[in-house]
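Line by line, the protein sequences give chains A and B. If you're matching positions, the first sequence starts at -11 in the numbering used here and goes up one per residue. If you're matching positions, the second sequence starts at -2 in the numbering used here and goes up one per residue. Notes follow the structure.
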Amino acid sequence: MWMLLLVPFIGLLWVPFYNFTEPSLFGFPFFYWYQLAWVPISSLLVWLVYRSRTPDEAP
Amino acid sequence: MADQIEWVALSVFIFFFALVTVMGFFAARWKSGPVSEHLDEWGLGGRQFGTWITWFLVGGDFYTAYTVIAVPALVYAVGAYGFFALPYTIIVYPFVFAVMPMLWKQAHANGHVTAADVVQGNYNSRGLELAVAVTGMVATMPYIALQLIGMGVVIKAMGLTGELPIVAAFIILALYTYSSGLRAPALIAFVKDIIQGHHDLYRGAGGGRGGAGQARRLWRGVFGGQ
Chain A
-11 MWMLLLVPFI GLLWVPFYNF TEPSLFGFPF FYWYQLAWVP ISSLLVWLVY
39 RSRTPDEAP
Chain B
-2 MADQIEWVAL SVFIFFFALV TVMGFFAARW KSGPVSEHLD EWGLGGRQFG
48 TWITWFLVGG DFYTAYTVIA VPALVYAVGA YGFFALPYTI IVYPFVFAVM
98 PMLWKQAHAN GHVTAADVVQ GNYNSRGLEL AVAVTGMVAT MPYIALQLIG
148 MGVVIKAMGL TGELPIVAAF IILALYTYSS GLRAPALIAF VKDIIQGHHD
198 LYRGAGGGRG GAGQARRLWR GVFGGQ
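Rendered as structure tokens:
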């Protein structure tokens, strides 16, 4: 489960993944909305890890 | 920049500055413990900030003049390059979630106050302790510089000129931080986060005179539209 925390690093630190204009969303180029989309996705991933650990586990 | 003094903006600024200054000095007595000389009291607010106060404190310290003025200015000036701020703010959270509780546990169990104390406790090396302490101070300097630039822009926008207003503002800030320690930013963070939240909602909804137009112009600048 803790591996989930690495996903945002992979998704965001390699710019060629998202250096495109299309597909755009509400007129926002892919480059911008892709990065903004990671804000809720990262929160979700942290929440999943938080839920999965046992209360006494030293996080 | 306006040459004339913007009285409305200035009055609002002075009101909040006075409020924050009073709160800053008052903070010394807020939740104060029995032994006020101890560094735990000054540096950690007596180790009794719970989840909510810490949440406000982190919010207030994370989203500052850097977020509100420096990054938008950079994006406006150079476009996409300014977006470095977004990925790095996002990946900080998983990192903090994984690392900080460990740090907190150790510091709590052994009574450490600073990161340098934790390193000294773990590795028993004065050299490493000094390196961490110095890195912490040096790394904070560019950040303080950015805060000062942000503060300078705000003060100039109200029509005040010269270095004197920013020097005065910074001295007052330094004085109440000196007298209240971490309690001052923690208490002020409540005011700051509420103003910030209001600002975000207001701007997001395109409110205010010329607000929507300005936002549209900003986004055009960012995305290179007409």
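We put the beta carbon where it would ideally sit given N, CA and C, even for glycine.
Nearest-angstrom Cα separation, counted from residue j out to residue i
i         : j         : result
B/Ala70   : B/Ile146  : 12 Å
B/Ala(-1) : A/Tyr6    : Low local confidence applies: a pLDDT of 47 at B/Ala(-1) is under 50, so the model's placement there is unreliable, with the coordinate-based value given in what follows. Spanning the two alpha carbons is a distance of roughly 40 Å.
B/Tyr175  : B/Ala154  : 29 Å
B/Met121  : B/Leu179  : The sequence shown places Asn at residue 121 of chain B, rather than the Met named in the question. Cα-Cα distance, rounded: 27 Å.
B/Tyr60   : A/Trp35   : 22 Å
B/Ala171  : A/Val27   : 34 Å
B/Leu125  : B/His109  : 15 Å
B/Thr137  : B/Ala25   : 24 Å
A/Leu(-8) : A/Ser40   : 11 Å
A/Tyr38   : A/Leu32   : 10 Å
B/Leu161  : B/Ala142  : 17 Å
B/Phe12   : B/Thr64   : 23 Å
B/Ile87   : B/Gln117  : 30 Å
B/Arg308  : B/Ala74   : Residue 308 of chain B is absent from the structure shown; chain B starts at -2 and stops at 223.
B/Phe10   : B/Asn107  : 43 Å
B/Ala15   : A/Pro4    : 49 Å
B/Lys102  : B/Val5    : 48 Å
B/Gln193  : B/Val19   : 20 Å
B/Ala77   : B/Asn119  : 42 Å
B/Val93   : B/Ser177  : 27 Å
B/Ala95   : A/Leu(-6) : 10 Å
B/Pro139  : B/Asp58   : 15 Å
Integer Cβ distance of residue i from residue j, believed to fall under 8 Å
i        : j        : result
B/Gly56  : B/Ala186 : 7 Å
B/Leu36  : B/Ala183 : B/Leu36 to B/Ala183, Cβ: 16 Å. No contact.
B/Ile163 : B/Met148 : 6 Å
A/Leu0   : B/Pro84  : 4 Å
B/Leu100 : B/Val115 : 6 Å
B/Ile50  : B/Leu157 : That pair is no contact at about 33 Å.
B/Val150 : B/Ile66  : 6 Å
Cβ shell of residue i (< 7 Å), same chain only, five flanking positions each side left out
i        : result
B/Val17  : Ile185, Val188
B/Ile191 : none
B/Trp27  : Arg180, Leu184
B/Val129 : Ala112, Ala113, Val116
Sequence-distant residues of the same chain with beta carbon closer than 8 Å to residue i, five excluded per side
i         : result
B/Val68   : Gly79, Ala82
B/Gly133  : Thr111, Ala112, Ala113
A/Phe18   : Tyr6, Phe8, Thr9, Glu10, Pro11, Ser12
A/Pro(-4) : Trp26, Ile29, Ser30, Leu33
B/Phe167  : Leu145, Met148
A/Gln23   : Leu0, Tyr6
B/Arg123  : Gln117
Buried/exposed call for residue i, threshold 16 Cβ in 10 Å
i          : result
B/His105   : exposed
A/Trp(-10) : exposed
B/Trp39    : buried
B/Val131   : exposed
B/Ser8     : exposed
A/Trp15    : According to the sequence as given, residue 15 of chain A is Gly; it is not Trp. Exposed.
A/Leu(-2)  : Reading off the sequence shown, one finds Ile at residue -2 of chain A, where the question assumed Leu. Exposed, since its Cβ has fewer than 16 Cβ neighbours within 10 Å.
B/Gly258   : Outside the modelled stretch of chain B, which goes from -2 to 223, sits residue 258 of chain B, for which no answer is possible.
B/Val72    : buried
Spatial neighbours of residue i in its chain, beta-carbon cut-off 6 Å, leaving aside the 5 residues before and after
i        : result
B/Tyr173 : Gly21, Phe22, Ala181
A/Tyr20  : none
B/Ile152 : Pro162, Ile163
Closer than 7 Å: residue i CB and nearest the ligand SAH heavy atom
i       : result
A/Trp35 : In terms of ligand content, the structure shown is empty, and the ligand SAH therefore cannot be addressed.
7 Å Cβ cut-off: residues of chain C touching residue i
i       : result
A/Trp21 : The structure shown contains no chain C; its protein chains are A and B.
query: Quick one: complete alpha helix (DSSP H) runs, 4+ long, within the segment -1 to 77 of chain B?
result: 4 to 23, 36 to 41, 48 to 59, 68 to 75
- Complete runs of the alpha helix (DSSP H) confined to the segment -9 to 16 of chain A [at least 4 residues]: -5 to 1
Check your understanding: Could you give the uninterrupted runs of the alpha helix (DSSP H) lying entirely in the segment 114 to 163 of chain B, keeping only those of 4 residues or more?
Key -> 123 to 154, all fully within the segment 114 to 163 of chain B.
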